[in-house]
Structures are given as structure tokens and as C-alpha cells.
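*Asks:*
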Amino acid sequence: MAYKTIIEDDIDVLMVGAGLGGTGAAWEARYWGQDKKIIIAEKANIDRSGAVAQGLYAINCYMGTRWGENNPEDHVRYARNDLMGLVREDLLFDMARHVDSTVHQFEEWGLPLMKNPDTGQYLREGKWQIMIHGESYKPIVAEAAKKSADKVFNRICVTHLLMDDAKENRIAGAVGFNVRTGDYHVFKSKTVICGAGGASNIFKPRSVGEGAGRTWYAPWSSGSAYGLMIDAGAKMTQMENRIVLARFKDGYGPVGAYFLHLHTYTQNGMGEEYESKWYEHTKEIVGEYIDHQPTPTCLRNHAMINEVNAGRGPIHMVTMQAFQDPHLEEVGWENFLGMTIGQAVLWASTDVDPKKENPELTTSEPYVMGSHATCCGGWASGPEDVSPPEYFWGYNRMMTIEGLFGAGDAVGGTPHAFSSGSFTEGRLAAKAACKYIDDGKAEGIVVSEKQIEDRKQEIFKPLEHYKKYRNEIVAGTVSPHYINPKQGLDRLQKLMDEYCGGVTVGYMTNEKLLNIALKKLRIMEEDLDSLGAKDLHELLRAWELRHRHRTSECVTQHTLFRKETRWPGYYYRGDALKLDDEDWHVLTVSRRDPKTGEYTMEKAPCYHLVGEDEEKENAA
Amino acid sequence: MPTFVYMTRCDGCGHCVDICPSDIMHIDTTTRRAYNIEPDMCWECYSCVKACPQNAIDARGYADFAPLGHSVRVLREEDKGTISWRIKFRNGTEKNFLSPITTKPWGKHIPKLADEPAPSQEMRDSEYLYSEPKYIRMDEGGLHTLESNGLKMKEGVYY
Ligand SMILES: Cc1cc2nc3c(=O)[nH]c(=O)nc-3n(C[C@H](O)[C@H](O)[C@H](O)COP(=O)(O)OP(=O)(O)OC[C@H]3O[C@@H](n4cnc5c(N)ncnc54)[C@H](O)[C@@H]3O)c2cc1C
Ligand code: SF4
Ligand code: SF4
Chain A
0 MAYKTIIEDD IDVLMVGAGL GGTGAAWEAR YWGQDKKIII AEKANIDRSG
50 AVAQGLYAIN CYMGTRWGEN NPEDHVRYAR NDLMGLVRED LLFDMARHVD
100 STVHQFEEWG LPLMKNPDTG QYLREGKWQI MIHGESYKPI VAEAAKKSAD
150 KVFNRICVTH LLMDDAKENR IAGAVGFNVR TGDYHVFKSK TVICGAGGAS
200 NIFKPRSVGE GAGRTWYAPW SSGSAYGLMI DAGAKMTQME NRIVLARFKD
250 GYGPVGAYFL HLHTYTQNGM GEEYESKWYE HTKEIVGEYI DHQPTPTCLR
300 NHAMINEVNA GRGPIHMVTM QAFQDPHLEE VGWENFLGMT IGQAVLWAST
350 DVDPKKENPE LTTSEPYVMG SHATCCGGWA SGPEDVSPPE YFWGYNRMMT
400 IEGLFGAGDA VGGTPHAFSS GSFTEGRLAA KAACKYIDDG KAEGIVVSEK
450 QIEDRKQEIF KPLEHYKKYR NEIVAGTVSP HYINPKQGLD RLQKLMDEYC
500 GGVTVGYMTN EKLLNIALKK LRIMEEDLDS LGAKDLHELL RAWELRHRHR
550 TSECVTQHTL FRKETRWPGY YYRGDALKLD DEDWHVLTVS RRDPKTGEYT
600 MEKAPCYHLV GEDEEKENAA
Chain B
0 MPTFVYMTRC DGCGHCVDIC PSDIMHIDTT TRRAYNIEPD MCWECYSCVK
50 ACPQNAIDAR GYADFAPLGH SVRVLREEDK GTISWRIKFR NGTEKNFLSP
100 ITTKPWGKHI PKLADEPAPS QEMRDSEYLY SEPKYIRMDE GGLHTLESNG
150 LKMKEGVYY
């Protein structure tokens with residue numbers, strides 16, 4: 000093979016993926032490691048990469064302790080409540096106690112935060128959210144990362160993590176290829192901070208054909224954070240906890256500002272309030288969790304799904320009153336232009352003016368990520384002063400692989416971190432990574448030529464495979480010897496949708512279905528060795544597919560393991576249609592053995608920072 | 000709305016290729032101009048539209064749910080620190096919006112941490128991050144700990 004090998008040696012801190020988590024890590028790493036070599040390897044261009052490429056209109060995680068608004072433990076309570084009791088409270092508390100310092104810095108860097116004209120404080124959208132003019136959110140944090148990093152490698156699709164050949168279970172860097180030049184890139188590094196983001200396009204999307212790119216999470220969110228870490232043998236947690244979003248129909252425009260700031264509300268096709276109708280029904284599944292305030296996101300989905308299934312759709316967002324106020328109308332539109340432009344385009348093309356009619360809502364296909372109202376991700380160590388022994392192994396945000404850290408979607412158990420919390424987690428991980436190096440934990444790392452060569456063969460195989468067989472057929476995409484990445488993605492989405500609780504089956508699954516899913520995923524893995532890529536762009540898609548496939552397998556294993564329906568409205572186990580606190584008030588933890596491909600599943604204890612009594616006191 | 004490129008405006012500069020997070024803006028080898036190679040992987044994020052110096056890129060709503068006859072145009076001006084939008088409905092209605100994108104000269108107020116005084120050992124041993132504790136509350140208040148907030152870790156407490 001004539002692919003040039005480019006080796007970047009002696010790296011101290013390597014960011015794999017520089018979205019909100021990765022840019023936070025790169026920036027902060029320079030403070031704790033002023034003479035350290037800090038490198039970014041990013042699939043796209045860090046100025047506009049990741050979930051925040053088009054900007055954001057709100058920072059969804061800000062305490063406001065400065066103005067006595069909330070304390071970190073209040074946020075822990077909120078996130079725990081929303082996730083039906085199961086979160087890593089140590090990680091959440093830690094993120095929440097630092098997040099304000101991140102946001103205050105953003106303001107100083109020039110990010111336009113809206114202010115309340117009466118109080119001078121940041122303008123609240125809701126209890127945790129503040130409103131921003133965030134079109135340039137990503138370019139601004141990218142600027143910060145560039146100020147700190149020694150070098151940014153854009154357009155490097157990282158395919159694998161490198162492992163130390165001298166010491167079992169220790170990180171040694173990462174490898175990938177340049178999407179433009181086709182060069183093979185080897186990054187030898189003492190530590191790796193994985194910030195490669197969550198996953199869209201795992202489950203079949205509602206949109207078909209040309210519109211398939213209009214996913215809620217970005218179509219380039221390829222589950223690489225999970226694929227990379229699982230392949231390396233890192234433990235994962237709560238991967239069954241996929242998320243379904245209630246959003247404006249087809250465009251998936253955000254609803255947060257509509258509910259919280261514009262005070263719009265939902266009703267069924269008959270113009271009736273419907274959530275309360277499903278109270279008893281939901282109570283049968285989840286018990287007293289339905290009485291929690293605010294109503295957990297999944298349970299609100301549950302009511303919406305049931306109301307539609309009962310034949311009383313569509314669900315509408317009642318905007319006509321709020322939009323009579325020109326200021327609120329402006330907020331409503333700018334909210335889309337700031338983070339989901341496609342919704343504005345859709346309404347323009349269909350003449351939907353929310354001042355004159357109430358737009359439709361729908362529930363999306365499921366997504367796998369860890370920083371929104373869901374917490375899939377790696378099993379990470381917490382901070383020393385907060386975490387119990389089961390949650391602490393030396394370095395904050397370090398995975399169960401030595402020297403491998405994570406931030407944002409990569410870290411499990413930390414929902415509601417959002418953009419600001421992900422950036423903060425990056426900062427925490429960077430400090431810990433520098434400490435790990437200073438403590439001498441990364442001495443004597445060896446990476447064999449064999450490991451480097453083997454990965455190279457593997458990476459470029461889809462190109463070679465295609466070259467070998469393409470002339471066997473006259474033309475077209477149908478070959479008996481290969482499938483292309485798009486064909487593979489279609490297969491993955493179909494099987495995940497039908498067997499693992501996607502939208503076409505009403506988010507329903509059971510043990511039998513999940514076992515079929517696993518079998519199909521195993522066979523699909525054999526076919527992934529026969530992927531054909533006709534050019535470098537398809538090679539990128541091939542590796543994105545591999546990461547999505549591995550993520551899917553892990554999600555299915557976890558969904559099978561948890562024998563209960565913990566989050567109705569996200570998914571249902573038809574054979575265990577009840578929340579079961581007796582057996583399942585635990586965190587699920589998995590590990591895939593990189594040698595055998597076998598999964599080991601275990602239950603980890605769920606520690607709480609706040610007891611029942613305190614909770615009631617606080618509610619009073 | 001996946002993007003498309005107007006033939007007469009594009010000069011093949013490649014800015015859109017450089018920025019697209021989905022790697023789908025490519026230069027056509029015959030015309031030497033850019034085009035969207037994979038519309039069904041376009042998030043309509045407008046990164047390329049904003050980056051094109053010739054205003055050659057536009058978006059047309061996804062064929063499977065968006066009727067023709069609309070447009071959403073944008074102008075991002077970094078030197079002015081603003082972004083302006085013009086939405087045109089199918090029925091001719093027009094809406095215009097203008098927002099700030101930054102409050103400070105670009106990048107000038109982000110500190111270069113390599114030039115900051117190195118953190119002390121005490122700072123390293125603490126739970127503080129750069130600029131903390133000051134930036135947490137913008138006063139002299141310290142970091143929240145379990146102790147300061149009267150909390151204890153308890154296993155399996157239900158609520
Ligand atoms: C529509 C939408 C609305 C949202 N609204 C808000 C909001 O209002 N407020 C808020 O605070 N948050 C919001 N969020 C959430 C926020 O965007 C995420 O929480 C945050 O971006 C997660 O950060 P991350 O670093 O984990 O992932 P990302 O920011 O997605 O970064 C992942 C990075 O990894 C790179 N990468 C991926 N794979 C590879 C690979 N194989 N090799 C190399 N690099 C790779 C990607 O290119 C990207 O740069 C919203 C998200 C979406 C999609
Ligand atoms: S940025 Fe504009 S002018 Fe340059 S190649 Fe792209 S479409 Fe053409
Ligand atoms: S709108 Fe975004 S995803 Fe679509 S081509 Fe442009 S930069 Fe790429």
C-alpha cells in the first residue's frame with residue numbers, strides 16, 4: 000500500500016475530537032502543562048465541528064451561584080429526577096460546581112450572553128438555561144483551543160486508540176487517516192482525552208431520502224467516542240439510556256425556549272390538554288416517579304406517544320398567543336436561526352407562521368449521547384474529594400483504561416451537562432491528564448511496529464477491497480463481494496429500529512428481539528470486513544459506520560441486561576413493562592473484551608448525594 | 000435544505016470544502032466549482048453558506064418534506080460582529096433578523112495560557128481549575144465541596 004505514514008511523537012495530551020469537550024480540554028491543558036506537547040486530532044475543522052457547528056441559542060447548564068440562583072446539588076437533584084433516579088452524582092456535582100467559571104470566561108472572550116435589563120444578570124430561559132447569541136459559539140471556543148494547542152490536525156478521522164505494548168490496559172495514543180490526503184497518521188501520546196461525541200443515525204430516522212440529513216443530533220455525530228473506547232476495552236455505563244426528543248415536526252427545531260421563555264404549551268389534535276390523561280397509566284409503569292417535579296422528559300414523551308397512538312394526533316405547540324408579542328416572535332425565530340436553521344427553512348417553505356397557526360410536534364428516532372437528557376458513555380473516575388471508592392481510581396474523568404480520559408458525550412452518567420458542562424468536563428480531564436503525567440504514570444510506553452502496521456492495513460482495507468472487486472461488475476453499486484458504507488448504514492438503522500426499539504415499532508423491544516439484534520449485528524460485523532470504499536470520503540463513512548456499529552452493539556447489550564422499563568418514552572421492554580427499583584436502582588456497566596469480543600455486564604451501585612428527607616425539605 | 004451552488008458565482012476557492020463538518024462540499028473536477036456530493040448527509044448547518052466569499056451557496060428545503068419557492072439567506076460579518084438573516088416564505092412573506100455574534104474584537108480577549116504564571120503546587124493539589132476560585136462566583140467565594148454544602152454520599156437512597 001502506498002499510503003504515507005506520518006508519525007507525531009512525544010505528545011503529552013492528545014485530544015481526539017475537538018467539539019465542546021475537546022476544545023475545553025485543549026485550552027485548559029496548557030495551564031497545567033505549560034511545557035507539555037498538546038495536540039488536537041479532529042475529523043472536521045474545529046472552527047465548525049461537532050454538535051455546535053451551527054451555533055446555539057442557549058447555554059443549558061449554568062448555576063448562577065454568583066447571584067444565589069442555584070447550588071451544584073440543586074442541579075444534581077434536577078438531573079437525577081429527570082433521569083428517573085440513575086446518574087453519577089459525584090460527576091454531576093463536580094461538573095456543576097465548576098461550570099459557572101467556564102461560562103463567566105465565555106462572556107469575557109466575547110460570547111454574547113443576553114442580560115436581564117432589570118437586574119443586569121444573565122437572561123434566564125429557565126432555571127438552568129441562559130440565553131445567548133451563540134452563532135459563533137464554536138469558532139470562539141475553537142479560538143481558545145488554538146491558543147493553547149501546539150498543533151491542530153484537522154480532517155483526521157481517528158479510527159483506533161493505540162495501546163501500550165509494555166503495560167496491559169494503558170493508553171499510548173491514537174491512529175487515523177487524513178480525509179483529504181489519505182495519509183496514515185500515528186499519534187503517540189502519554190494521555191488521550193476522548194471528545195469524539197455522541198451518535199445520530201444509529202436508529203432509522205423518520206425522514207427519508209434527501210431529508211435523511213435532518214437529524215436532531217448532527218449527522219456527523221458518528222458515535223466515535225463510544226466506538227473508540229469500547230474497542231479499546233474501556234468499561235461503559237448506561238448505554239441503554241438512548242434519548243427520544245419531542246421536537247417540531249420534520250425540522251426537529253428546539254422547543255426549550257418555546258416552553259420556558261415563550262410559555263407556549265402543547266395540546267392534542269382536538270385542542271385538549273392531554274398529559275394529565277395519562278397520569279394513571281404512567282403511574283402503573285413507574286409508580287411515584289410520575290409525581291416528581293418537573294415531570295421527567297421521558298414521561299412527557301410517553302404521554303405524547305400514547306396520545307398519538309390513541310388517534311388524537313397531531314400534537315400541536317400552541318404558539319399563536321405568544322407570537323402576537325413581536326419580541327417573543329423574534330426570539331422564536333432567532334432560536335431556530337441560531338441552532339436549527341432547517342426548521343426556519345421548513346416553515347418558510349410550508350408557509351407556517353406560528354403567529355397564525357400552531358405548528359406540529361413529533362417524537363424523534365432515538366439518539367445515543369451523554370450530555371443532554373440522557374447519560375450514555377464511558378465509566379469514568381470521579382474527583383477525589385467527592386467520589387466513593389467504587390467511583391474513584393486516581394484521576395478525575397479517567398476511564399478504566401490508564402491514561403484515557405473523556406469529556407462531554409464520552410462520559411457516562413452525566414446528563415444535562417450540555418455545551419457548557421461538556422467544555423467544563425474537558426477542563427477537568429485536562430488537569431487530571433497533566434497530573435497523571437507529572438505523577439510518572441506514563442513512563443516507559445512502548446508501541447510496537449506491528450501494532451502500527453496492523454492498524455494501517457485495517458484502516459485502508461475498504462479502499463483496497465473496492466479496487467480489487469469493482470471491475471468484476473459492469474457498473475453500479477451492487478456487488479457480491481462488497482457493500483458500500485451507505486448500504487451498511489441502512490442495514491444498521493433498519494435492524495436497530497426494528498429490534499432495539501426504534502420509531503417504527505413505537506420504541507418497543509423485548510429479550511427475544513434484542514437477541515435477534517445481537518445476532519444480526521454479529522453477522523453484520525463480518526460484512527463490515529467487506530466494506531468497499533471508492534474514495535477517501537467513503538472511507539470516512541466506512542469508519543463512521545464501524546463506530547456506529549460498535550455503539551449499537553453496546554446499546555443492545557445494555558438494553559438486554561436491564562430487565563425493566565426505566566424510561567418509558569425513550570424505550571419499552573415489552574417483557575418487563577415496569578420500573579423495578581428493587582432490582583434495577585443501579586448503574587449498568589459493560590466491558591467488551593477486545594480479544595474475544597465478548598461482553599461482561601455488571602451492576603454498579605448508585606450513590607446519592609441527597610437523601611429523601613432533604614429532598615422534601617427543599618421542595619417545601 | 001441541502002445546499003447547492005450557483006454555477007456563475009462560484010470561483011472554486013474551496014472555503015466551503017474546508018469548513019463543511021460533513022465533508023460533503025467537494026470541487027467538481029470538470030467544472031472546477033464546488034457542489035454538495037451527499038445531500039442526504041447535509042445538516043443544513045449553513046457553515047459553508049456563511050463561509051463562501053462569493054455568496055454562491057444557497058439551500059433548498061429537503062425534497063421529501065419542503066415545497067419549493069422559499070429562501071433563507073444569511074450574511075455573517077466577523078468585522079462588524081453581526082449576522083443577518085432574510086427569510087422568504089413560499090407565499091412571499093418576508094422576515095428579517097439581525098444578531099450579534101461577538102461582543103469583542105475577534106480572539107483578542109482569550110488569554111494565552113502559556114504566558115500565565117505557572118500554577119503553584121498548592122493549586123495543583125486543589126480541585127481548582129484555571130482562574131478559580133475567582134471565576135466561580137466573581138467574588139472571594141470558594142469551591143463547593145460535599146462538606147461545605149452539607150452533603151454525604153449514600154448508597155442506594157431512593158426518593
Ligand atoms: C440541535 C441541538 C441543540 C442543542 N442545544 C443546546 C443548547 O441550547 N444549549 C446547550 O448548552 N447545549 C445544547 N446542545 C448540546 C451540545 O451541543 C452538546 O452537549 C455538546 O456539543 C457535546 O459536546 P461533545 O464535545 O461531547 O461533542 P461535540 O461537540 O459533538 O464534539 C465531538 C467532536 O468530535 C469530532 N469527532 C467525531 N468523531 C471523530 C473521529 N472519529 N475522529 C476525530 N474526531 C472526531 C467531531 O468532529 C466533533 O468536533 C444541543 C445540541 C444539538 C444537536
Ligand atoms: S466557498 Fe463559494 S466560491 Fe468558494 S468553492 Fe465554495 S461555493 Fe465556490
Ligand atoms: S450546510 Fe453544513 S452540512 Fe450542508 S454542505 Fe454546508 S457545511 Fe456541509
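Going down the list, the sequences are from chains A and B. Going by numbering that gives the first Met the number 0, the first residue of the first sequence is number 0, and it counts up by one from there. Going by numbering that gives the first Met the number 0, the first residue of the second sequence is number 0, and it counts up by one from there. Glycine included, each C-beta is placed from N, C-alpha and C at the ideal position. Note that this is a predicted model, so its numbers are computed, not measured.
Could you name the residues of chain A that residue 51/B contacts, counting a contact when the two beta carbons are closer than 8 Å?
*Replies:* Per Cβ cutoff of 8 Å: no residues; residue 51/B is ~13 Å from chain A at best.
*Asks:* Using beta carbons (cut-off 9 Å, strictly below), is residue 131/B in contact with chain A?
*Replies:* yes
*Asks:* Taking 8 Å as the cut-off, is the CB of residue 243/A close to at least one heavy atom of ligand 1?
*Replies:* no
*Asks:* Would residue 45/A pass as a contact of residue 23/A if the rule is Cβ separation under 9 Å?
*Replies:* no
*Asks:* Answer with yes or no whether the minimum CB distance from residue 214/A to chain B is below 9 Å.
*Replies:* yes
*Asks:* Within 10 angstroms of the Cβ of residue 278/A, are there 16 or more other Cβ atoms? Answer buried if so, exposed if not.
*Replies:* exposed
*Asks:* If you measure from the CB of residue 10/B, is any heavy atom of ligand 2 nearer than 8 Å?
*Replies:* yes
*Asks:* Residue 195/A and residue 15/A look like a contact to me (Cβ under 8 Å); what is the Cβ gap, rounded to whole Å?
*Replies:* 5 Å
*Asks:* Go ahead and pull the three-state DSSP assignment for residue 374/A.
*Replies:* coil
*Asks:* Count the other CB atoms, across all protein chains shown, that sit within 10 Å of the CB of residue 623/A; report buried if there are 16 or more and exposed otherwise.
*Replies:* Outside the modelled stretch of chain A, which goes from 0 to 619, sits residue 623/A, for which no answer is possible.
*Asks:* Can you find the residues in the same chain that come closer than 6 Å, C-beta to C-beta, to residue 96/A, ignoring five residues on each side of it along the sequence?
*Replies:* 71
*Asks:* Between which residues of its own chain and residue 224/A is the CB-CB distance below 6 Å, once the five residues before and five after are set aside?
*Replies:* 193, 195, 196, 408 and 409
*Asks:* When you compare each of 336/A, 51/A, 431/A and 239/A to residue 583/A by their alpha carbons, which one comes out closest?
*Replies:* 239/A
*Asks:* Would you report the Cα separation of residue 306/A and residue 354/A, rounded to the nearest angstrom?
*Replies:* 25 Å
*Asks:* For the segment 282-291 of chain A and the segment 374-390 of chain A, state whether three or more C-beta atom pairs, one from each stretch, are separated by less than 8 Å.
*Replies:* Inter-segment contact for the segment 282-291 of chain A and the segment 374-390 of chain A is absent: fewer than three beta-carbon pairs are separated by less than 8 Å.
*Asks:* Output yes if chain B places a C-beta closer than 9 Å to the C-beta of residue 479/A; else output no.
*Replies:* no
*Asks:* Under 9 Å between C-beta atoms, does residue 92/A make it to chain B?
*Replies:* yes
*Asks:* Looking at residue 11/A and ligand 1, is the gap between the Cβ and the nearest heavy atom below 8 Å?
*Replies:* no
*Asks:* Rounded to whole angstroms, what is the Cα-Cα separation between residue 152/B and residue 609/A?
*Replies:* A straight-line Cα-Cα distance of about 8 Å links residue 152/B and residue 609/A.
*Asks:* Give me the chain A residues within the contact set of residue 18/B, using Cβ-Cβ distance strictly less than 7 Å, ordered along the chain.
*Replies:* For a Cβ distance threshold of 7 Å, residue set 44, 46 and 47 of chain A lies close to residue 18/B, ordered along the chain.
*Asks:* Could you run through the segment 1-31 of chain B and flag, in chain order, every residue whose CB is less than 7 Å away from some CB of chain A?
*Replies:* 1, 17, 18, 20, 21 and 22
*Asks:* Taking C-alpha atoms, which residue in 82/A, 341/A and 138/A lies nearest to residue 210/A?
*Replies:* Looking at the Cα atoms, 341/A is the closest of the given residues.
*Asks:* Skipping 5 residues on each side, what residues in its chain have a beta carbon closer than 7 Å to that of residue 142/B?
*Replies:* 126, 127, 131, 132 and 135
*Asks:* Only counting the same chain, and skipping five residues up and downstream in sequence, which positions put a Cβ closer than 7 Å to that of residue 218/A?
*Replies:* Cβ within range, chain order: 199, 200 and 212.
*Asks:* If you drop the 5 nearest sequence neighbours on each side, which residues of the same chain put their C-beta closer than 6 Å to that of residue 617/A?
*Replies:* A caution first: residue 617/A carries a pLDDT of 47, below 50, which makes its placement in the model unreliable, though a value can still be read off. There are no such residues.
*Asks:* Assuming residue 168/A and residue 400/A are in contact, meaning their beta carbons sit under 8 Å apart, how far apart are those beta carbons, in whole angstroms?
*Replies:* 6 Å
*Asks:* Does DSSP put residue 557/A in a helix, in a strand, or in coil?
*Replies:* In the three-state scheme derived from DSSP, where H, G and I count as helix and E and B as strand, residue 557/A is classed as helix.
*Asks:* Does residue 434/A pass the burial test, meaning 16 or more other C-beta atoms within 10 Å, or should it be called exposed?
*Replies:* buried
*Asks:* Taking any Cβ of chain A, which residues in the segment 94-118 of chain B have a Cβ under 7 Å from it, in chain order?
*Replies:* 94, 96, 98, 99, 100, 101, 102, 103, 106, 108, 109, 111, 112, 113, 115, 117 and 118
*Asks:* What residue from 113/B, 73/B, 147/B and 101/B has the CA that sits closest to residue 30/A's CA?
*Replies:* 113/B
*Asks:* Using CA coordinates, which residue listed in 601/A, 182/A, 190/A and 121/A is at the minimum distance from residue 28/A?
*Replies:* 190/A
*Asks:* I'd like the list of long-range same chain contacts for residue 15/B, defined as Cβ closer than 7 Å, with 5 residues on each side in sequence excluded.
*Replies:* 24, 33, 47, 50, 51 and 56
*Asks:* Relative to the C-alpha of residue 68/B, which residue among 29/B, 92/B and 31/B is closest?
*Replies:* Among 29/B, 92/B and 31/B, the Cα nearest to that of residue 68/B belongs to 92/B.
*Asks:* Evaluate contact between the segment 513-532 of chain A and the segment 262-281 of chain A, counting only Cβ atoms and requiring at least three cross-stretch pairs below 8 Å.
*Replies:* no
*Asks:* What three-state label does DSSP hand residue 37/A in the structure shown?
*Replies:* DSSP, reduced to helix, strand and coil, places residue 37/A within a strand of the structure shown.
*Asks:* Of the residues that make up the segment 316-331 of chain A, which ones have a beta carbon closer than 8 Å to any beta carbon in chain B?
*Replies:* 329
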